[in-house]
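What follows is a single structure, written as structure tokens, with notes after it.
Residue numbers (the working numbering): 23 to 242.
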């Protein structure tokens with residue numbers, strides 16, 4: 023097996039069997055009693071592994087997915103769902119900024135630009151206002167009139183919501199597992215229809231992490 027295929031196999035194994043390892047922090051209390059979560063956080067490595075196996079089994083049972091593993095890498099939504107925690111966070115940040123690009127392009131005052139760099143990140147800001155990003159999506163036109171504070175807040179939420187929308191067209195064994203990796207209490211209103219959201223996120227990943235996409239088997 024190649025290094026890429028080994029990584030992909032490990033990601034799929036964790037996705038199927040150990041969802042607690044990649045569970046978003048905002049979902050800890052909803053999936054396990056709070057005192058159990060605290061015990062896990064304070065446990066040594068060997069005990070933590072046992073806790074995670076128990077916690078993950080509990081999560082999968084609650085979702086009705088214990089006997090519904092993902093067996094194929096063909097569904098395109100897996101290119102989003104199997105992203106690492108850090109990669110999901112990075113993708114969400116870039117996606118949210120892209121959607122708010124009409125307002126970000128208006129930021130010419132030095133103080134505003136510094137505020138946006140501090141809140142969103144310089145690389146994220148530069149991506150959002152780039153011609154490459156604009157070729158992918160024009161952004162939400164109404165954002166042009168938002169305040170700076172509203173824009174920062176919206177960017178942080180919209181990016182995660184777009185990732186959620188991107189996997190909505192997948193089977194439950196993918197969509198429900200992926201939801202565990204995303205923040206709780208996202209606005210239920212879709213940012214884009216599932217097909218459009220997935221196409222946009224995959225196009226972004228072609229720019230942000232083409233190597234990750236190349237680890238998946240080529241589609242016939």
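Ideal placement from N, C-alpha and C gives every residue a C-beta, glycine not left out.
Could you tell me the alpha carbon to alpha carbon distance between residue 37 and residue 88, rounded to whole angstroms? 12 angstroms
Range covered by the alpha helix (DSSP H) that runs through residue 175: 170-188
With residue 90 and residue 217 assumed to form a contact (beta carbons below 8 angstroms), what rounded beta-carbon distance in angstroms separates them? Contact flag wrong, Cβ pair sits at about 23 angstroms.
Comparing C-alpha positions only, which one of 166, 213, 110 and 34 sits nearest to residue 190? 213
Which ranges does the alpha helix (DSSP H) cover as unbroken runs of at least 4 residues, wholly within the stretch 132-160, from first to last along the chain? 132-142, 144-150 and 153-158
For residue 232 and residue 128, the rounded distance between their alpha carbons: 30 angstroms
Which same chain residues, not among the five before or five after residue 125, have their C-beta less than 7 angstroms away from its C-beta? 165, 166, 168 and 173
Where do the N-terminal and C-terminal ends of the alpha helix (DSSP H) with residue 108 fall, by residue? 107-121
Can we say the stretch 153-161 touches the stretch 109-122, given the rule of at least three CB pairs closer than 8 angstroms? yes
Alpha carbon of residue 51 to alpha carbon of residue 130, nearest angstrom: 42 angstroms
Just to confirm, is the Cβ distance from residue 201 to residue 186 under 8 angstroms? yes
Can you tell which of 96, 142 and 97 has its C-alpha closest to the C-alpha of residue 111? 142
Just tell me which of 104, 208 and 236 has its CA closest to the CA of residue 44. 104
Whole angstroms are fine: how far does the CA of residue 40 sit from the CA of residue 224? 25 angstroms
On the criterion of 16 or more Cβ atoms from any shown chain inside 10 Å, does residue 101 qualify as buried, or is it exposed? buried
Do residue 182 and residue 222 have their C-beta atoms within less than 8 angstroms of each other? no
Residue 220 versus 134, 99 and 145, residue with shortest Cα-Cα distance: 99
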